[in-house]
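Note sheet for the following structure.
Number of protein chains: 2
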Amino acid sequence: MIDKLEFLLALAREKHFGRAADACNVTQPTLSAGVKQLEDTFGVLLVNRGSRFQGFTPEGQRVLDWARRIVGDARAMREEVHALRHGLAGRLRLAAIPTALAMVESLTTPYRARHPNVQFTVYSRTSIQVLAELENLEIDAGITYLDNEPLGRVTAVPLYREHYRLLVAADGPLGSRDKVTWKEVAQVPLCLLTPEMQNRRIIEHLLYDTGNSPNIMLESDSMILLYSHVRTGSWASVMPERLADTLRLTDVLRAIPIVEPEASHTIGLVAPAREPMTPLTAALVADARRVAKALGGAS
Amino acid sequence: MIDKLEFLLALAREKHFGRAADACNVTQPTLSAGVKQLEDTFGVLLVNRGSRFQGFTPEGQRVLDWARRIVGDARAMREEVHALRHGLAGRLRLAAIPTALAMVESLTTPYRARHPNVQFTVYSRTSIQVLAELENLEIDAGITYLDNEPLGRVTAVPLYREHYRLLVAADGPLGSRDKVTWKEVAQVPLCLLTPEMQNRRIIEHLLYDTGNSPNIMLESDSMILLYSHVRTGSWASVMPERLADTLRLTDVLRAIPIVEPEASHTIGLVAPAREPMTPLTAALVADARRVAKALGGAS
DNA sequence: ATCGGGCGATAGAGAAATCCTATCAAAACA
DNA sequence: TGTTTTGATAGGATTTCTCTATCGCCCGAT
């Protein structure tokens, strides 16, 4: 029964019988039969299909909600019983938005000190993907914006606030200033994330609000690519201050506060709003609260 | 998987492999194998057995908690999907303490008017049993004291308050009085519930507090037996006023308020604290809130 | 000490389910 | 119109499940 519900979850995220089957390590006929069996026991069609996957019926949606819950609980049960015998162990699957990737270590390092047998998998994802994968139990927790997208059924722990800075060489454009306006920044050629990233959209929005259209010289979905370019001193960028600090960019570049307006957004940890949480996730949330205090709350 | 968890639930309430197997409609070896399989997948012993059932291990207790939750959710899922297709239908299993049995109709009657396809099973149980069976998912909701036992993880809806009256013929002992004290009542030979019932313990406690020892002429766990005796006019009893009214005892007998102290206890509906509830239970809780208002709240 | 009954584990056979490979039909795409 | 993609179906092998029958153990009674 529970494995059939897992089929449904896989189908929900893959939207494709074949790929969902792969994800479950079964063949496509097996997954088809599993879904069909669920439909038989409920006496209701769960999936709309016309020679290809066409989404879930209303009943399917409800079953999907329950499936997420039940499958999640079953996993939490296994994990908890295992933890009772062998202490906290297993793999914690995280996803973070690119601008938060550099600070993940401030969560994982103290966590590992406390629970050395826990392994990590950390994905770089857009804020949308973080929430979607959290929903589908593909990850245990995420690090993303708390104040932009609607969060859904999650527990959120604010970690810090992004304050935006112009990263530029001292002898570059505006490099001698103590503060700059968004209007001025819009004149500077910039390196930014690609537009599917919320950080890019936030910054773009602030730039467009000045009435000017910014000049994005280079864009990438990889922070390490942006970092290596900006570090040369020949490219400018707009970044959260804490990120620039963590990357040691402020050693070689100026990080100039951008005003009018002084925008900021909250970044935090999100975990499924399950009660109780899995032991691994619960420990992470507890650590996150401690770290948030160390980081000066969400200030 | 889920059916194995059901085995565990049955074992928890029957405390006996054979009887638990019967309750699950399987043979004893099948249930034994199911439990063993759970133990194998978790890699932990769940049940202490020394040629007979000796309770659960600590890990078994935790698994049991999860099992209650998962099995309950699975049932709720089935019920909800069924309700989406065919409207509310099925069987609502209730348990009420004896002194509340007569008022159950004030819940079931409006419920049935709204949802004619729902069938009822109502058990007469002690307040302890109500909570235990609620815990083990043997019943969907219960009607019991809200202010005496610790309730545990339930949602409670207060329905009314029990105010105690001396039921006695007009020409019987104290029959002409407008109010009596517990001390006086302690002198009267009474018909009461048996001592495992909380109502009996409440009344006995009030009587003993006067320093006298009451004279319990007749006791039973059956309300209809008490009713038929008291109705003759030759036996006296102490009952909640609303109960006496519902049973029309006040037509033929006097119901004299008992003071010093004017004790009262709250009776209410209790349902598992599951979010979301099963549709049948949710509808019952909604009705209970309405009925509570009609009854004048918990006053 | 021995017998008898209750309880749960074990063995083995038959039944049922699950899962796979191979194939098919329909729709989508070029 | 041919090709590809997608999900359903058929048939057979394998695994899993569940039953009957029986055993071993503990306990209480004789």
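Protein chains in written order, with my numbering: chain U, 14 to 312; chain V, 14 to 312.
All C-beta atoms in this analysis are idealised placements derived from N, C-alpha and C, irrespective of residue type, glycine included.
Given the structure is predicted, the values throughout are model-derived calculations rather than measurements.
If we cut at 8 Å on Cβ distances, does residue 77 (chain V) have a partner in chain U?
No, no contact with chain U.
What residues from chain V crowd round residue 88 (chain U), counting only those whose CB sits closer than 7 Å?
Result: empty, since nearest Cβ-Cβ is about 10 Å, beyond 7 Å.
Using the three-state DSSP reduction, which class does residue 161 (chain U) fall into: helix, strand or coil?
DSSP places residue 161 (chain U) in coil when its eight states are reduced to three.
Express the C-alpha separation of residue 196 (chain U) and residue 112 (chain U) in angstroms, rounding to a whole number.
Those two C-alpha atoms are separated by around 23 Å.
Output yes if chain V places a C-beta closer than 8 Å to the C-beta of residue 82 (chain U); else output no.
Judged by the 8 Å Cβ criterion, residue 82 (chain U) is in contact with chain V.
Let me check understanding here. Comparing Cα to Cα, which of U:263, U:256, U:252, U:279 lies closest to residue 271 (chain U)?
Comparing Cα-Cα distances from residue 271 (chain U) to each of U:263, U:256, U:252, U:279, the minimum goes to U:252.
Taking C-beta pairs closer than 7 Å, name the residues in chain V that residue 15 (chain U) reaches, listed in chain order.
Going along chain V in sequence order, the residues near residue 15 (chain U) (Cβ under 7 Å) are 14, 15.
Taking just the CA atoms, how far does residue 78 (chain V) sit from residue 59 (chain V)?
If I take the Cα positions, the gap works out to 12 Å.
Does DSSP classify residue 287 (chain V) as helix, strand or coil?
Correct three-state label for residue 287 (chain V): coil.
How do the stretch 34–43 of chain V and the stretch 54–70 of chain V stand: do at least 3 beta-carbon pairs fall below 8 Å, yes or no?
The answer is no - the stretch 54–70 of chain V does not touch the stretch 34–43 of chain V, with fewer than three Cβ pairs under 8 Å.
Mind pulling the chain V residues with CB within less than 8 Å of residue 97 (chain U)?
In chain order: 57, 71, 72, 75.
Answer yes or no: does any C-beta atom of chain V fall closer than 8 Å to that of residue 287 (chain U)?
No - not a single Cβ of chain V is within 8 Å of the one on residue 287 (chain U).
Cα separation between residue 17 (chain V) and residue 50 (chain V)?
Straight-line Cα distance between these residues: approximately 8 Å.
Classify residue 100 (chain V) as helix, strand or coil using the three-state DSSP reduction.
Residue 100 (chain V) falls in the coil class under three-state DSSP.
Can you give the Cα-Cα distance for residue 199 (chain V) and residue 61 (chain V), rounded to whole angstroms?
Rounded to whole angstroms, residue 199 (chain V) to residue 61 (chain V) spans 48 Å at the Cα level.
Where DSSP assigns a beta bridge to residue 175 (chain V), which residues make up the other side?
In DSSP, residue 175 (chain V) forms a bridge with V:278.
Which of the three DSSP states, helix, strand or coil, is assigned to residue 232 (chain U)?
Residue 232 (chain U): strand per DSSP, three-state reduction.
Just to check, is the beta-carbon of residue 264 (chain U) closer than 7 Å to a non-hydrogen atom of the ligand NAP?
Questions concerning the ligand NAP fall outside what the structure shown contains, since it holds no ligand whatsoever.
Could you tell me the alpha carbon to alpha carbon distance between residue 162 (chain U) and residue 219 (chain V), rounded to whole angstroms?
Spanning the two alpha carbons is a distance of roughly 59 Å.
Cutting at 7 Å between CB atoms, please list the residues of its own chain near residue 40 (chain U), excluding the five before and the five after it.
Once the five neighbours on either side are set aside, the close Cβ partners of residue 40 (chain U) are 34.
Output yes if chain V places a C-beta closer than 8 Å to the C-beta of residue 94 (chain U); else output no.
Yes, residue 94 (chain U) counts as interfacial toward chain V.
For residue 135 (chain V) and residue 265 (chain V), what's the separation of their Cα atoms in angstroms?
Distance between the alpha carbons of residue 135 (chain V) and residue 265 (chain V): 28 Å.
Would you check if the stretch 230–249 of chain V and the stretch 101–110 of chain V touch, i.e. whether three or more CB-CB distances between them fall below 8 Å?
No, the stretch 101–110 of chain V does not touch the stretch 230–249 of chain V.
For the stretch 42–103 of chain U, list the beta strand (DSSP E) runs that are entirely contained and at least 3 residues long, ordered along the chain.
Whole beta strand (DSSP E) segments, 3+ residues: 60–62, 66–69.
Going straight from the alpha carbon of residue 81 (chain V) to that of residue 148 (chain V), what length do you get?
Cα to Cα, residue 81 (chain V) sits roughly 8 Å from residue 148 (chain V).
Suppose you measure from the CA of residue 281 (chain U) to the CA of residue 159 (chain U); what does that come to, to the nearest Å?
For residue 281 (chain U) and residue 159 (chain U), the distance between alpha carbons rounds to 6 Å.
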